Amino acid sequence: MKKRGMNRRKFITAASVGVAGVYATLHAGVVRAMMGSGGMGGGGMGGGGMGGTTTTIVDPPPGASFFDIPNATKNSAGAYELLVKEARLRLNGTAVTLLTYNGMYPGPVIRAARGDMLKVRMVNMLPKTTASNILGHVRNITNIHTHGLHVTPSGMGDNMMMTAAPGTELNYEYDLALEEPGHLNFYHPHVHGSVAEQYWGGLAGPLVIDDAAGSPLSGYETHVMFIKDLTIANGLPEPYTSNSDFMRGKEGNLVMVNGQVNPVLSIRPGQVQRWQIVNACNARFLKLSLDRHSLWLVGTDGGLLDKPYKLSTILLAPGERVDVLVKADQGGGNFKLLSLPYARGGGSLQQVTLLTLAYGGISAGDTLPTAVNPAAARLNMNLSLLPRRQISLSMMMGRGYINGISYTDMDHAYTISSGLGTYEVWEIVNQSGMDHPFHQHVNSCQVLSVTGGDPDYASLYTTIPAWKDVVIIPKMGSATILVPVKDYDGMTMFHCHIVEHEDIGMMGVWDIGMM
Numbered sequence: 000m001k002k003r004g005m006n007r008r009k010f011i012t013a014a015s016v017g018v019a020g021v022y023a024t025l026h027a028g029v030v031r032a033m034m035g036s037g038g039m040g041g042g043g044m045g046g047g048g049m050g051g052t053t054t055t056i057v058d059p060p061p062g063a064s065f066f067d068i069p070n071a072t073k074n075s076a077g078a079y080e081l082l083v084k085e086a087r088l089r090l091n092g093t094a095v096t097l098l099t100y101n102g103m104y105p106g107p108v109i110r111a112a113r114g115d116m117l118k119v120r121m122v123n124m125l126p127k128t129t130a131s132n133i134l135g136h137v138r139n140i141t142n143i144h145t146h147g148l149h150v151t152p153s154g155m156g157d158n159m160m161m162t163a164a165p166g167t168e169l170n171y172e173y174d175l176a177l178e179e180p181g182h183l184n185f186y187h188p189h190v191h192g193s194v195a196e197q198y199w200g201g202l203a204g205p206l207v208i209d210d211a212a213g214s215p216l217s218g219y220e221t222h223v224m225f226i227k228d229l230t231i232a233n234g235l236p237e238p239y240t241s242n243s244d245f246m247r248g249k250e251g252n253l254v255m256v257n258g259q260v261n262p263v264l265s266i267r268p269g270q271v272q273r274w275q276i277v278n279a280c281n282a283r284f285l286k287l288s289l290d291r292h293s294l295w296l297v298g299t300d301g302g303l304l305d306k307p308y309k310l311s312t313i314l315l316a317p318g319e320r321v322d323v324l325v326k327a328d329q330g331g332g333n334f335k336l337l338s339l340p341y342a343r344g345g346g347s348l349q350q351v352t353l354l355t356l357a358y359g360g361i362s363a364g365d366t367l368p369t370a371v372n373p374a375a376a377r378l379n380m381n382l383s384l385l386p387r388r389q390i391s392l393s394m395m396m397g398r399g400y401i402n403g404i405s406y407t408d409m410d411h412a413y414t415i416s417s418g419l420g421t422y423e424v425w426e427i428v429n430q431s432g433m434d435h436p437f438h439q440h441v442n443s444c445q446v447l448s449v450t451g452g453d454p455d456y457a458s459l460y461t462t463i464p465a466w467k468d469v470v471i472i473p474k475m476g477s478a479t480i481l482v483p484v485k486d487y488d489g490m491t492m493f494h495c496h497i498v499e500h501e502d503i504g505m506m507g508v509w510d511i512g513m514m
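Be aware that the sequence shown starts at 0, since it is given in numbering that gives the first Met the number 0, and climbs by one per residue.
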């Protein structure tokens, strides 16, 4: 691994992310349940079929008070400890055995700052087993992907080739010298063939890079909102029972914010709150809308924007994150944060109530900032001088493909070789009838154009100075992105972040080499 000390700001200049997480008793039932038996196991309210035209309204009653996920704690060696284990918890009043980090659902918030050496000790305490899932991969082997971090993919960094069998551990070290302050990320497993099952089973948590000193956002009440869905069957995550589960991707009949169904979040009249929202669902797209309120976008996958952008809806694919400000400017009342219907091509159409915003307390006089991150800018380059690649995404006969190759391992995959310190233009073409959220590790990109899909999504990300590591490639459409290849060499990945599609082969290898 070689690290070149060029952060994003310099790179641009040079160019011109009701249930509290609790500790619980261990249980061996998750492995048995996920082996499954018979049926289609379609995913409850969000599964079944390959889409439709009828919208289902999912409007659960207001639940418990909003729960902020606890922060992870460090051991005596200064490393965050993540113990991967089964735990018996209650979700929406139902007991369920989940895969967890530290017995919590979601996992704890890992917090770090630019310049830190972030250390994570992951201990695999899952039961030893020789059982395989329906894709033929041995269960309970795991690792961690720090989704969104700009760090090395080699050594003990964000290295997807490292895995831990039950009874073993991995000790990660991430040099955050070139990370962006205020950057929202998350962590989850990334062992090919087992990602969907472990992710669906509960393994994921937020990873937040602290704001810089004096940030215009640092004074606002801030909440991380980690959105996941799940279907519970017989006290366990509904199992994968057929290849069609992987083709369409699972959507659950419980849609939760921080492990709660429709929690109630209090806000004072006139107050501005900051919401850091992660779509940690396997396959569910979220089209966010807050009743009678604007969502002021201040950050995306790759970090903070130059200023707030006023939006009425925000489309969020699996793996995408947004950082938004909400101003309580309605005087009083209760208001719903909704996920509006969105036809991704693989699930049912639903309107889901995610949380209830409840006015109360003494009025505040908060104001929105006029500027957030003045260094944020769109790259201005002569694109005709840059190398151009075309990447096709397709699905056929139970497999996913990139440029006609279905990933099985690092030696049997479509591979892109890039030179460190360069820029490339990637045109990603979707040849299937489902949207695919395209995720590349290590380096974020800027969106140049989008053909098809949601016009507001295309308009937003082709005009604002946003950095993205997940971009929606519309069904039978395309997106063109500008990719800086910077700072770190090594072997890493790009793939669809409907994680079931990743598991069945819609993944490629990105070989970043020294020039």
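Note that the Cβ used here is the ideal one computed from N, Cα and C, for glycine as well.
These figures come from a predicted structure and were not determined experimentally.
- The beta carbons of residue 334 and residue 291 sit closer together than 8 angstroms.
- Counting only runs that start and end inside the region 213-288, the beta strand (DSSP E) elements of at least 3 residues fall at 220-229, 253-256, 263-266 and 271-278.
- Between residue 427 and residue 477 a beta carbon distance of about 6 angstroms is seen, short of the 8 angstroms cut, so the two are scored as contacting.
- Beta-bridge annotation (DSSP): residue 509 is paired with 415 and 491.
- Between residue 148 and residue 157, the gap from beta carbon to beta carbon is short of 8 angstroms.
- Excluding five sequence positions before and after residue 67, the CB atoms of its chain that fall closer than 8 angstroms to its own CB belong to 222, 223 and 257, given in chain order.
- Per the coordinates, the alpha-carbon of residue 332 lies some 30 angstroms from the alpha-carbon of residue 251.
- Cβ-Cβ distances below 7 angstroms link residue 178 to 113, 148, 149 and 208 in the same chain, with the five nearest sequence neighbours on each side left out; the list follows chain order.
- Counted as a single uninterrupted DSSP element, the alpha helix (DSSP H) harbouring residue 455 occupies residues 454-460.
- 496 is the residue among 225, 512 and 496 whose C-alpha sits nearest the C-alpha of residue 438.
- In the three-state DSSP reduction, residue 341 falls in the coil class, being neither helix nor strand.
- For residue 513 and residue 354, the gap between their C-alpha atoms comes out near 48 angstroms.
- For the 8 angstroms CB-CB criterion, residue 70 and residue 108 form a contact.
- Going by C-alpha positions, residue 63 is about 9 angstroms away from residue 264.
- The count of Cβ pairs closer than 8 angstroms, one atom from the region 484-494 and one from the region 502-511, reaches three, so the stretches are in contact.
- By the Cβ neighbour-count rule, residue 434 is buried, with 16 or more other Cβ atoms within 10 Å of its own.
- Beta-bridge partners assigned by DSSP to residue 84: 99.
- Counting only the Cα atoms, residue 413 lies some 33 angstroms from residue 304.
- Under DSSP, residue 294 shares a beta bridge with 310.
- One alpha carbon belongs to residue 167, the other to residue 142, and they sit about 11 angstroms apart.
- Scanning 186, 191 and 452 for the CA closest to the CA of residue 499 turns up 191.
- A distance below 8 angstroms separates the beta carbons of residue 392 and residue 430.
- Distance from the Cα of residue 351 is smallest, within the candidate group 363, 255 and 80, for 255.
- Counted as a single uninterrupted DSSP element, the alpha helix (DSSP H) harbouring residue 498 occupies residues 498-502.
- The continuous stretches of alpha helix (DSSP H) do not include residue 406, and DSSP gives it neither H nor E.
- Between residue 183 and residue 275, the C-beta spacing is below 8 angstroms.
- Put simply, the region 305-312 touches the region 278-289. At least three CB pairs are less than 8 angstroms apart.
- Note: residue 141 is bridge-paired with 163 in the DSSP secondary-structure output.
- Note on residue 458: under 16 other CB atoms within 10 angstroms of its CB, so exposed under the neighbour-count rule.
- Per the coordinates, the alpha-carbon of residue 79 lies some 19 angstroms from the alpha-carbon of residue 125.
- DSSP places residue 204 outside any alpha helix (DSSP H); the residue lies instead in the beta strand (DSSP E), whose first and last residues are 204-208.
- Assignment of residue 194 by DSSP, reduced to helix, strand and coil, places it in the helix class.
- Straight through space, the alpha carbons of residue 196 and residue 330 are spaced by roughly 44 angstroms.
- In the structure shown, the three-state DSSP call for residue 199 is helix.
- The Cβ-Cβ distance between residue 386 and residue 54 does not fall below 8 angstroms.
- DSSP places residue 168 inside the beta strand (DSSP E), whose first and last residues are 168-174.
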